[in-house]
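Novice: Just passing along the structure, written as structure tokens.
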């Protein structure tokens, strides 16, 4: 096979496809495509026309000028920044400034203005209306929630227990019937808790005749402790008998001392002791004073009055003030006792004046009777 035939059969891979060309066509010189540089540069008149169309400023040495000018002639738009880019650069939330230079690497951060405290809107046109509205808002809240109590009175505790702490616990008591009630409830602590006792307090008062020691002393123990009675749902038979027996012994103490108040308060010189405790762990469960009172009560025939029960009775009857110093009732209980002492002193003075006046009247009557007898 000659060279001409081999060249005529050789395929050629080109844009037109896999077709064979003749030797004559292959040997023909291929015309060169004119390059962009062969084109003539635009004239001054064309450049002036382009300037009238507000084309971007380019240096005269730029090689891209002809293509840009052709785009301007064809109505094509040159580069325009997108709206999203403008929005991102102009956004106040962005901390990086769009004016920063990439060459220096400096980042300009915009200072965030300080937010001024906005005053609460006034309710009402005048100052008086504003004050009245604030008072109404304050009165809507429960005042007891704003006060600090002892640590063992938690927000989740029984409401009756919280009310008992706020109104009775630690307040000095000098009424014999009230003292007997608190002593009886303290003895019940061996079987029940304070919340359980307070929830059944009305039942205790119904069973024990409002805790009148004279009436309770007359109760029949067999009837009280009989099966099916309302008293047996409160306490055990042993505790029921203890309360009745203590009522009988209290009547004897009243006969001896004039009142149970004089007897029990005599152990603390008729003034409550103040604990000044800061933490619950500092509050004792019994003291030497409670031990002494317990021993004397046992000698007199009282039952179920150990040192722990007696100290609980002293706390609830206000004989000792064991409110924590951070509790709002700490100072209230002290003030209540001071007020009572002032009232007692005023009563004593008034009674002293009455006795003096009566004595003066008696002396005057005796003198007048003597003068009449002489006449």
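Residue numbers (our numbering): 67 to 441.
Yeah, the Cβ is synthetic: ideal placement off N, Cα and C, and Gly gets one too.
Source: prediction; values computed, not measured.
1. Helix, strand or coil: which one does DSSP assign to residue 339?
2. For the alpha helix (DSSP H) that residue 245 lies in, which residues bound it at each end?
3. Indicate the three-state DSSP secondary structure (helix, strand or coil) for residue 265 in the structure shown.
4. Within its chain, find whatever has a CB closer than 6 Å to the CB of residue 329; leave out the 5 residues flanking it on each side and keep chain order.
5. Who does residue 298 pair with in a DSSP beta bridge?
6. The alpha helix (DSSP H) that contains residue 317, what's its start and end?
7. Across which residues does DSSP place residue 387 in a beta bridge pair?
8. Using 8 Å for Cβ pairs, my map puts residue 394 next to residue 316. What's the rounded Cβ distance?
9. I'd like to know if the stretch 275–293 and the stretch 328–346 are in contact, where contact means that at least 3 CB-CB pairs between them fall below 8 Å.
10. Among the candidates 375, 241, 263, whose CA atom is the shortest distance from the CA of residue 230?
11. Any idea what DSSP makes of residue 360, helix, strand or coil?
12. Are there three or more Cβ pairs, one per stretch, closer than 8 Å when the stretch 354–365 is compared with the stretch 259–275?
13. Which residue from 228, 257, 290 puts its Cα closest to that of residue 273?
14. What does a CB cutoff of less than 6 Å around residue 366 pick up in its chain, not counting 5 residues either side in sequence?
15. Considering only the beta carbon of each residue, do residue 248 and residue 349 sit closer than 8 Å?
16. DSSP three-state call for residue 433: helix, strand or coil?
17. Near residue 389, which residues of its chain fall below 7 Å by C-beta distance, leaving aside the five closest residues on each side in sequence?
18. On the DSSP letters alone, give me the boundaries of the alpha helix (DSSP H) that residue 378 sits inside.
19. Write down the C-beta distance between residue 238 and residue 384 rounded to the nearest angstrom, noting that I regard them as a contact closer than 8 Å.
20. Could you spell out the range, first to last residue, of the alpha helix (DSSP H) harbouring residue 331?
21. Nearest-angstrom Cα distance between residue 304 and residue 297?
22. Between the Cα of residue 403 and those of 309, 336, 221, 312, spot the shortest distance and give me the residue it belongs to.
23. Please report the straight-line C-alpha distance between residue 300 and residue 334, rounded to a whole angstrom.
24. Are residue 347 and residue 391 touching if we call contact CB-CB under 8 Å?
25. Exposed or buried, residue 276, counting other C-beta atoms within 10 Å across all chains shown (16 or more means buried)?
26. Would you mind sorting residue 221 into buried or exposed? The rule is 16 or more other CB atoms within 10 Å of its CB.
27. Residue 255 and residue 378: beta carbons closer than 8 Å?
28. Could you tell me which of 293, 406, 309, 361 sits nearest to residue 251, measuring between CA atoms?
29. Could you give the C-beta distance for residue 278 and residue 307, rounded to a whole number, given that I count them as a contact under 8 Å?
30. Please work out which residues of its chain come closer than 6 Å, Cβ to Cβ, to residue 206, disregarding the five sequence neighbours upstream and downstream, and give them in chain order.
31. Below 8 Å between beta carbons: does that hold for residue 253 and residue 371?
32. How big is the Cα-Cα spacing for residue 386 and residue 435?
33. At which residues does the alpha helix (DSSP H) containing residue 453 begin and terminate?
34. Find out if the Cβ-Cβ distance for the pair residue 321, residue 369 is shorter than 8 Å.
35. So residue 232 packs on residue 261, CB below 8 Å; how close in whole Å?
36. By Cβ distance below 7 Å, which residues in the same chain neighbour residue 214 in space, the five residues on each side in sequence not counted?
Specialist: With the structure as the only source:
1. In the structure shown, residue 339 sits in a strand (DSSP, three-state: E or B).
2. Per DSSP, residue 245 is one residue of the alpha helix (DSSP H) stretching across 242–253.
3. Secondary structure at residue 265: helix, using DSSP grouped into helix, strand and coil.
4. For residue 329, same chain residues with a beta-carbon under 6 Å away, outside a window of 5 residues either side, are 319, 323 in chain order.
5. Beta-bridge pairing by DSSP links residue 298 to no other residue.
6. Element bounds for residue 317: 303–323.
7. Bridge partners of residue 387 according to DSSP: 340.
8. With 8 Å as the limit, residue 394 and residue 316 do not qualify as a contact, their Cβ atoms being about 33 Å apart.
9. Output reads no: the stretch 328–346 does not touch the stretch 275–293.
10. Cα-wise, what sits closest to residue 230 is 263.
11. Residue state, collapsed to three classes: helix.
12. The stretch 354–365, when compared against the stretch 259–275, does not touch it at the 8 Å Cβ threshold.
13. Looking from the CA of residue 273, the closest CA among 228, 257, 290 belongs to 290.
14. Correct list, in chain order: 315.
15. Not in contact: residue 248 and residue 349 (Cβ atoms no closer than 8 Å).
16. Three-state result, residue 433: helix.
17. Here the set comprises 216, 236, 395, 396, 399.
18. Residues 373–382.
19. 4 Å between Cβ atoms; contact.
20. From DSSP, the alpha helix (DSSP H) with residue 331 extends over 326–331.
21. A straight-line Cα-Cα distance of about 12 Å links residue 304 and residue 297.
22. For the residues 309, 336, 221, 312, the minimum Cα distance to residue 403 belongs to 336.
23. Answer to the nearest angstrom: the Cα atoms are 33 Å apart.
24. No, the pair does not count as a contact, with Cβ atoms beyond the cut-off.
25. By the Cβ neighbour-count rule, residue 276 is exposed, with fewer than 16 other Cβ atoms within 10 Å of its own.
26. It counts as exposed.
27. Taking 8 Å as the Cβ cut-off, residue 255 and residue 378 qualify as a contacting pair.
28. The shortest CA-to-CA distance from residue 251 to any of 293, 406, 309, 361 is the one to 309.
29. The pair is not a contact, with the Cβ atoms about 18 Å apart (cut-off 8 Å).
30. Since pLDDT at residue 206 reaches only 38, below the 50 mark, its modelled position is unreliable, and no value is offered.
31. For residue 253 and residue 371, yes; Cβs fall inside 8 Å.
32. Residue 386 and residue 435: Cα-Cα distance of roughly 55 Å.
33. Residue numbering for the chain in the displayed model covers 67 to 441; residue 453 lies beyond these limits and cannot be assessed.
34. The Cβ-Cβ distance between residue 321 and residue 369 does not fall below 8 Å.
35. The C-beta separation of residue 232 from residue 261 comes to about 14 Å, leaving the pair out of contact by the 8 Å criterion.
36. In the same chain as residue 214, and ignoring 5 residues on each side of it, the C-beta atoms closer than 7 Å to its own belong to 392, 393, 394, in chain order.
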